[in-house]
Amino acid sequence: MNSASVSADRAALRLPDSLLLNGREFYYADIRQYPAQAPAELNGYEARVLDFVRQWLNGAQEFTLTTSGSTGPPQPVHFRRQQLEASARRTGDYFDLGPGERLLVCLNCEYVGGLMMLVRGLERRMHLTIVEPQANPLALVAPDASFDFTALVPLQLRALLAAGQAPRLNQLRAILVGGAPVEAGLAHEIEELTVPVYLTYGMTETASHIALRRLNGPQANSAYQVLPGIAVAQDERGCLTVRADVTNDELIITNDLIRLAPDARSFEWLGRADFIINSGGVKVPAEKVERVLELALMELGLNRRAFVAGRPDERLGQQVTAFIEGGALPETQQQQLRELLGQRLDRYEQPRQLVFVPEFQTTASGKLDRKATLKVK
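Residue numbers (the working numbering): 1023 to 1399.
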């Protein structure tokens, strides 16, 4: 859709004076007075969403968010309003989000991904349809409801595609995907969509994403494109550093190993420094092995989650180990899997053991919790 037609469509749209939350309409004039004007039958999630919207509408200047806990214990992160506004403005400008357009908010608004969707909608005067997080968020909205923009975790996008919702998704102008890795099977399905789908890079400390990677269409890329106004660099380990208005101009040092382009406007993500496995003196990036493992499982027709970690080994220090969710595979399939991995990985990268875990542990935000899963095992 070109900018002229978008502007014409916006002119015909009614600017919102309310939002939809779990199918019920709440007027902003009443939300400003929350909880005095709140209905008694609100559940806990609805109450927390409305309380944030009340704070935002009434001009609150300080906010506290909690990290997702995927790489360590959840931690509180304090933000000034201007940081959240800067993040919303940058995404809004990139996707040309404007007044009267329709935003589907189906991420958990108690974490940065969902909360920033609220802020984008409020700042851009968009129509907000908010539903509690679940695998198929479109099951909670009217069948004829249409949207311009949304953000999903991979689990939601996978469920929507499995439910035959691709035609409905293709009506959107863009979809953000983040919060967890996009596995090989899902990546292949995304390539079949006509709606632009972008993988996000960001964290709570950067007030949501600071870079985007197109997953489908002619502009698909293996590198993340850094959004305007974000300064990125590398530390002595080769890990990404970030400084911008969204970080309150403080330097954020990550544990993400990257390959940075000479102009520092794009980068390829290589893996986390703290997920490096030291096996016999050879440093093996766990995420590299995971990507090959996921593709091999998909080729064998196995829809299973998996990750790779180092287990203590007297001779090697650590041995590369693949953890696969579900019951043990038949020996013939295990051998096929080992053969595929052997064809695509160096000798030291190949998992020395396949460990089957009945069910992976997850964080409160739904991300894989590697440490907790390893403790259970």
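For each residue, glycine too, the CB sits at the ideal point set by N, CA and C.
Neighbour-count burial assignment, residue i, 16 or more Cβ in a 10 Å radius
{"i": "S1025", "result": "In this predicted model, S1025 has a pLDDT of only 49, less than 50, meaning its place in the structure is not dependable enough to derive any value."}
{"i": "N1130", "result": "buried"}
{"i": "S1109", "result": "buried"}
{"i": "T1395", "result": "buried"}
{"i": "H1231", "result": "buried"}
{"i": "R1112", "result": "buried"}
{"i": "G1251", "result": "exposed"}
{"i": "A1051", "result": "exposed"}
{"i": "A1184", "result": "exposed"}
{"i": "L1043", "result": "buried"}
{"i": "T1172", "result": "buried"}
{"i": "D1170", "result": "buried"}
{"i": "Y1049", "result": "exposed"}
{"i": "R1046", "result": "exposed"}
{"i": "R1337", "result": "exposed"}
{"i": "P1038", "result": "buried"}
{"i": "R1070", "result": "exposed"}
{"i": "F1273", "result": "The sequence given here has Leu at residue 1273, not Phe. Exposed."}
Which of helix, strand or coil DSSP assigns to residue i
{"i": "Q1187", "result": "coil"}
{"i": "P1334", "result": "strand"}
{"i": "Y1056", "result": "coil"}
{"i": "G1224", "result": "strand"}
{"i": "G1200", "result": "coil"}
{"i": "A1283", "result": "coil"}
{"i": "G1339", "result": "strand"}
{"i": "L964", "result": "One cannot answer for residue 964 here, as it falls past the ends of the chain, which runs 1023 to 1399."}
{"i": "G1388", "result": "coil"}
{"i": "D1278", "result": "strand"}
{"i": "E1321", "result": "helix"}
{"i": "A1062", "result": "coil"}
{"i": "I1252", "result": "coil"}
{"i": "S1301", "result": "strand"}
{"i": "S1244", "result": "coil"}
{"i": "P1176", "result": "helix"}
{"i": "V1071", "result": "helix"}
{"i": "T1407", "result": "The shown model of the chain, from 1023 to 1399, leaves out residue 1407, and the question about it has no answer."}
{"i": "L1315", "result": "helix"}
{"i": "L1376", "result": "strand"}
{"i": "F1117", "result": "helix"}
{"i": "V1127", "result": "strand"}
{"i": "M1023", "result": "Because M1023 carries a pLDDT of 43, less than 50, the predicted location of this residue cannot be relied on, and the following value inherits that uncertainty. It is coil, neither helix nor strand."}
{"i": "E1272", "result": "coil"}
{"i": "T1216", "result": "coil"}
{"i": "D1368", "result": "coil"}
{"i": "G1207", "result": "helix"}
Cross-strand partners of residue i (DSSP beta bridge)
{"i": "R1046", "result": "L1043"}
{"i": "A1328", "result": "I1346"}
{"i": "W1291", "result": "I1280"}
{"i": "C1261", "result": "L1279"}
{"i": "A1233", "result": "Y1223, V1248"}
{"i": "V1306", "result": "I1299"}
{"i": "F1101", "result": "F1085"}
{"i": "F1169", "result": "Answer is none; F1169 lacks a bridge partner."}
For residue j and residue i, believed in contact at Cβ under 8 Å, the rounded distance
{"i": "I1197", "j": "V1219", "result": "5 Å"}
{"i": "V1342", "j": "V1311", "result": "6 Å"}
{"i": "V1075", "j": "L1140", "result": "7 Å"}
{"i": "R1333", "j": "I1346", "result": "With a Cβ gap of about 14 Å, R1333 and I1346 do not count as contacting."}
{"i": "V1330", "j": "A1308", "result": "4 Å"}
{"i": "A1229", "j": "Q1105", "result": "5 Å"}
{"i": "Q1256", "j": "L1262", "result": "7 Å"}
Discussion item. Please give the ranges of any beta strand (DSSP E) in the segment 1132 to 1165, keeping only runs that are unbroken, at least 3 residues long and fully inside the region.
Written reply: Whole beta strand (DSSP E) segments, 3+ residues: 1149 to 1152.
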